[in-house]
Structure formats: structure tokens, C-alpha cells
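Asks:
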Amino acid sequence: MDERIDLGDPLSRAHWCGCFSCSDQELMEAVRATDSDEVGAVGLYLATRHSLEAFETSGDS
Numbered sequence: 021m022d023e024r025i026d027l028g029d030p031l032s033r034a035h036w037c038g039c040f041s042c043s044d045q046e047l048m049e050a051v052r053a054t055d056s057d058e059v060g061a062v063g064l065y066l067a068t069r070h071s072l073e074a075f076e077t078s079g080d081s
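Per the numbering used here, the very first residue in the sequence shown carries number 21; after that it's consecutive.
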């Protein structure tokens, strides 16, 4: 996937936050963690992190 998040454009960041269901801060943290602004890498990171957090929460019960 060659599509990139335009980090300098607030509308681009808002668009991808809506697509990924995350906050602007979470999006920026994902970009830093993956060292990438590629949509695929950032999306995969956020989805994996969300799944792990949900799994850990369900295991606490």
C-alpha cells in the first residue's frame, strides 16, 4: 500500500483518525512507533494494539 498520511495536514490526520477510530495523539504515537507514515503500517499497528488491549482487558476478569 503506497498511500501515506500527510502529517502536516490536519484534515489528512483527521481523515485517518476517523478511519482508524483513534485520536490524533494515538495516530501520532503510531507513526512514531512504526517509524512510518504509510497507511498500511500505521493501520496494522493500531489494529494490533487495540486487539491486544481488548485481550488483556478480557483476561483481567
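Yeah, the Cβ is synthetic: ideal placement off N, Cα and C, and Gly gets one too.
1. DSSP on Glu58, reduced to helix/strand/coil?
2. According to DSSP, which residues form a beta bridge with Arg69?
3. Contact between the segment 72-80 and the segment 31-39: three or more CB pairs below 8 Å?
4. Starting from the C-beta of Ser32, find all residues in its chain whose C-beta is less than 7 Å away, skip the five residues before and the five after it, and write them out in chain order.
Replies: Let me spell this out:
1. Taking the sequence shown and counting its residues from 1, the one referred to as residue 58 is at position 38. In this structure, Glu58 counts as strand in the three-state DSSP scheme.
2. As a position in the sequence shown, residue 69 is number 49, starting the count at 1. For Arg69, which the question treats as bridged, DSSP gives no partner whatsoever.
3. no
4. Along the sequence shown, read from residue 1 onward, the residue named residue 32 stands at position 12. Once the five neighbours on either side are set aside, the close Cβ partners of Ser32 are Ile25, Asp26.
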